[in-house]
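Take a look at the structure set out below.
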Amino acid sequence: MPHDPIQTLGESLGKRITIKCKRSKTFIGILKSFNAHLNVLLEDVTYKYFERDPENEENLLEKTENFNKLVLRGDSIVFIGFEQ
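Using this note's numbering, the letters of the sequence shown correspond one by one to residues 2 to 85.
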């Protein structure tokens with residue numbers, strides 16, 4: 002029987018997940034908590050995004066930033082990926 006999204010998130014507490022947000026932003030971190038609006042609290046987070054190369058506007062450069070803790074608003078989330 003398929004799981005519902007909230008149940009799947011609950012089973013993933015304490016595990017590393019990948020969250021893709023609007024504007025091609027990706028967050029990879031450990032799921033610490035969430036609520037019914039899918040607002041999520043992540044720890045040990047890597048934030049990946051793209052910027053235009055200042056030397057060649059046609060190229061995109063992948064950038065990363067790290068955060069100890071991060072809260073993502075549920076309405077900005079496009080999808081959530083779970084490790085197996």
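A virtual CB, placed ideally from N, CA and C, is assigned to each residue, including glycine. Since we're looking at a predicted model, the values are computed, not measured.
- Non-local C-beta neighbours of E66 in its own chain, meaning closer than 6 Å and more than five positions away in sequence, comprise Y48, ordered along the chain.
- Contact between V72 and L42 holds, with the beta-carbon distance rounding to 5 Å and staying under 8 Å.
- Your pair I31 and K16 checks out as a contact, with CB atoms roughly 7 Å apart and the cut at 8 Å.
- A residue is called buried once 16 or more other Cβ atoms fall within 10 Å of its Cβ, and I7, having fewer, is exposed.
- K26 and Y50 have their C-alpha atoms some 5 Å from each other.
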